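In the UniProt record's numbering, the protein residues as written are 1 to 104. Backbone N, C-alpha and C fix where the C-beta goes; we use that ideal spot for every residue, glycine too. Model, not experiment: these values are computed from the prediction. A short worksheet on the structure shown next.
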């Protein structure tokens, strides 16, 4: 009996962890909440893009600014895709619920 209780507890713990992971909301992340910092980053990105366009060598700060911009673009795209997937799933669920209600 004791062994059975232990295995149930460990399975239960795993199930709870899994549930928490599924239920955790996806929130947009604001990587530059301070408007002054955001303006500085945007300026660095513009400088880096101009240097890249004119063929000038990029500094470390330029590369970091471009990496930051690329990471934010990727994050926004990922969030947009997630929103679209959530919306499609919600529409399908609503359609299935309507079909189920019509059958009753």
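Measure the beta-carbon distance from residue i to residue j and round it to whole angstroms, keeping in mind my assumption that it falls under 8 angstroms.
| i | j | result |
| --- | --- | --- |
| residue 47 | residue 62 | 7 angstroms |
| residue 65 | residue 51 | Their Cβ separation, rounded to whole angstroms, is 10 angstroms, which puts residue 65 and residue 51 out of contact at 8 angstroms. |
Using a Cβ-Cβ distance cut-off of 9 angstroms, determine whether residue i contacts chain B.
| i | result |
| --- | --- |
| residue 46 | No chain B is part of this structure, which consists of one protein chain only. |
Starting from residue i, trace the alpha helix (DSSP H) both ways and give me its first and last residue.
| i | result |
| --- | --- |
| residue 49 | 35 to 54 |
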